[in-house]
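Note that the protein sequences, when read in sequence, are chains A and B.
Each step along the first sequence adds one to the number in numbering that gives the first Met the number 0, with nothing skipped, and position 65 is 64.
Each step along the second sequence adds one to the number in numbering that gives the first Met the number 0, with nothing skipped, and position 80 is 79.
Positions of the beta carbon are idealized from the N, C-alpha and C atoms, including for glycine.
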Amino acid sequence: MGALVLSQGGTFEPPGVDSFFLPPIFGGVTKPIVLVVLSAVIVGAYFLIATRNLKLVPGKGQFAAEYLYDFSRNTIARDQIGAKDFQRFIPLIFGLFTFILVNNLFGIIPLIQFPTMAKIGFPIALFIMVYIVIHTVGFKRHGFLGYLKHVMFPPGVPKPVYILLSPIEFLQKFLFQPVALAIRVFAAMFAGHLILLVFALGGHYLLIEASALLKPVSIVSFAFAIILTFAEALIQVLQAYIFAVLTANFIGAALAEEH
Amino acid sequence: MKKHLVLAESEHNPILPAPTEIIVGFVAFALLLFVLHRYAVPRFEKLYKERSDRIEGGIARAEEAQAEAQRTLEQYKAQLAEARAEAARIRDDARAEGQQILDEMRSQAQEESDRIINQGQAQLAAQKAQVIAELRADLGRHAVDLAGKVVGESLEDEDRAQRTVDRFLDELESTSAPSTSTSS
């Protein structure tokens with residue numbers, strides 16, 4: 000609280016939970032809602048336009064779009080789900096990756112600067128979608144009891160251990176794993192945005208309100224804000240990748256045959 | 000401590016989702032999925048298929064072209080061998096024909112020369128006979144004339160005179176022939 004004491008006037012209000020609850024723009028529409036719709040439009044429109052006239056030998060624009068698709072299709076979907084079944088999950092994995100990527104990158108794009116996934120409602124929306132898909136394909140592939148057995152009784156375990164293992168596996172597959180999927184991206188975006196806010200607002204406060212002696216310290220604060228923005232960019236891409244990879248992994252596990 | 004109070008006093012809880020956000024997020028993502036599923040992904044997959052078709056087709060075409068080239072080469076080689084055999088055959092034929100023509104020419108020339116020689120010989124014999132006959136007639140007449148003048152007796156009777164001359168000449172020949180054979 001030393002900085003507060005040294006200040007000339009006004010008190011520093013640290014960014015907190017309230018920083019994520021912006022006043023609505025109009026009616027009940029808030030900035031995150033506008034952004035999430037915007038992101039869907041951006042991704043959809045981008046790939047609609049980019050794929051309108053595909054060439055066998057790609058140009059620069061097509062190469063970028065193809066790279067994103069190829070990454071989602073081969074590196075994420077095919078490797079995690081397996082070459083046999085991955086085709087019909089390409090849209091889901093591809094959509095998850097690009098949609099979350101754009102929403103996360105909103106966090107560092109100037110003027111927008113709000114990672115929509117820091118509002119837990121959106122990860123939960125994706126979680127619901129993924130949850131339905133994973134368990135639907137699981138039940139379809141193995142039958143109702145077959146899928147429960149597939150989940151709760153992994154082979155190669157001594158029989159008495161199932162007393163402990165089966166409930167854990169059940170909770171793991173039907174609750175912890177999917178919920179963790181949603182919370183992971185939410186928490187990463189929430190914390191990342193908060194850190195950026197601390198340094199940016201801190202620098203701002205030091206520059207405007209602090210005594211002359213402390214003003215230069217704001218440079219350090221701003222420098223950290225910039226450095227952390229780059230770190231944040233990495234995390235945002237990584238989180239989108241992780242969400243897509245884990246979804247593909249869960250689908251692959253639900254579809255897997257007994258060995 | 001003040002900060003903690005601020006957090007506690009906040010009316011917002013970041014862990015509680017707003018229903019609007021869930022609904023909007025779900026619908027927006029579902030629509031995006033529809034667009035990707037309906038348009039973007041099939042287009043990309045079509046491209047991938049075309050690309051692999053192009054590559055596989057290219058390989059198939061290359062193999063086909065190679066086979067075609069091989070076939071053409073074999074065909075060409077066969078034609079070449081055929082042409083060579085044909086040429087050899089023609090050459091042999093020509094040689095045989097040439098030989099035949101040469102033989103024919105030779106025999107023709109031989110015939111021709113024989114003919115000319117025979118003709119010459121015949122002509123020569125005829126001329127000889129003629130000369131002999133003429134000489135014989137002249138010689139007889141002169142001898143008779145001479146003898147007539149010598150004996151003063153005109154031997155007008157041709158037939159007799161001729162017979163006399165012939166007899167004389169025959170005698171002459173018969174006498175001269177042994178004399179020449181003995182003299183040589």
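Taking the C-beta atoms as reference points, alanine 187 of chain A is found no nearer than 8 angstroms to isoleucine 111 of chain A. Around the beta carbon of glutamine 122 of chain B, fewer than 16 other beta carbons lie within 10 angstroms, which makes this residue exposed. Remark: C-beta atoms of proline 90 of chain A and phenylalanine 126 of chain A do not approach each other more closely than 8 angstroms. Comparing C-alpha distances from phenylalanine 113 of chain A to each of A/Leu53, A/Leu193 and A/Leu237 shows the shortest one belongs to A/Leu193.
Rounded to the nearest angstrom, the gap between the Cα atoms of valine 28 of chain A and tyrosine 240 of chain A is 29 angstroms. For the 8 angstroms CB-CB criterion, leucine 227 of chain A and leucine 195 of chain A form a contact. Close to tyrosine 38 of chain B, with beta-carbon spacing below 8 angstroms, are these residues of chain A in chain order: Phe46, Leu47 and Thr50. Taking one beta carbon from each stretch, the stretch 34 to 46 of chain A and the stretch 97 to 106 of chain A have 3 or more pairs nearer than 8 angstroms; the two touch. Phenylalanine 25 of chain A sits in a strand when the DSSP states are folded into three classes. Asparagine 103 of chain A: member of the alpha helix (DSSP H) spanning 89 to 104, first to last residue.
Boundaries of the alpha helix (DSSP H) harbouring glutamate 231 of chain A: 216 to 254, taken from the DSSP string. The Cβ atoms of isoleucine 92 of chain A and alanine 76 of chain A lie closer than 8 angstroms to each other. At a beta-carbon threshold of 7 angstroms, the residues of chain B lying near glycine 120 of chain A are Pro16, Ala17, Glu20, Ile21 and Gly24, ordered along the chain.
Taken through DSSP and simplified to helix, strand or coil, isoleucine 100 of chain B comes out as helix.
Short of 7 angstroms from the beta carbon of phenylalanine 46 of chain A, and not among the five residues preceding or following it, lie these beta carbons of its own chain, in chain order: Ala64.
When only Cα atoms are considered, valine 42 of chain A and proline 153 of chain A end up about 39 angstroms apart. Taking a C-beta cut-off of 7 angstroms against chain A, the contacting residues of the stretch 41 to 52 of chain B are Arg42, Phe43, Leu46, Glu49 and Arg50, listed in chain order.
Nearest neighbour of phenylalanine 169 of chain A by Cα position, chosen from A/Ile182, A/Leu144, A/Arg183 and A/Phe185, turns out to be A/Leu144.
For the stretch 76 to 102 of chain A, the beta-carbon criterion of a distance under 7 angstroms to any beta-carbon of chain B is satisfied by Ile89, Pro90, Leu91, Phe93, Gly94 and Phe98. Histidine 141 of chain A: member of the alpha helix (DSSP H) spanning 120 to 141, first to last residue. Assigned with DSSP and collapsed to three states, serine 106 of chain B falls in helix. Burial state of lysine 172 of chain A is buried, judged by a 10 Å Cβ sphere holding 16 or more other Cβ atoms.
Look at alanine 124 of chain A: its C-beta is under 8 angstroms from a C-beta on chain B. Under the three-state reduction of DSSP output, asparagine 117 of chain B falls in the helix class. Taking 8 angstroms as the Cβ-Cβ cut-off, the stretch 225 to 250 of chain A has no residue approaching chain B. Here histidine 141 of chain B is exposed, its C-beta having fewer than 16 other C-beta atoms within 10 Å. For lysine 127 of chain B and glycine 119 of chain B, the gap between their C-alpha atoms comes out near 12 angstroms. Chain-order list of chain A residues neighbouring leucine 32 of chain B: Pro90, Leu91 and Gly94, by C-beta distance under 7 angstroms.
Secondary structure note for leucine 32 of chain B: its alpha helix (DSSP H) is the uninterrupted segment 18 to 34. Contact with chain A is absent for alanine 61 of chain B, since none of that chain's Cβ atoms lies less than 8 angstroms from the residue's Cβ. For methionine 188 of chain A, the uninterrupted alpha helix (DSSP H) run begins and ends at 176 to 208, by DSSP. Residues of chain A with a Cβ closer than 8 angstroms to the Cβ of alanine 86 of chain B do not exist; the shortest Cβ-Cβ separation is about 52 angstroms. Our two residues, glutamate 157 of chain B and leucine 171 of chain B, have alpha carbons roughly 20 angstroms apart in a direct line.
Under the Cβ distance rule, methionine 128 of chain A counts among the residues neighbouring chain B, one pair being separated by less than 8 angstroms. Collapsing the DSSP output to three states places phenylalanine 46 of chain A in a helix.
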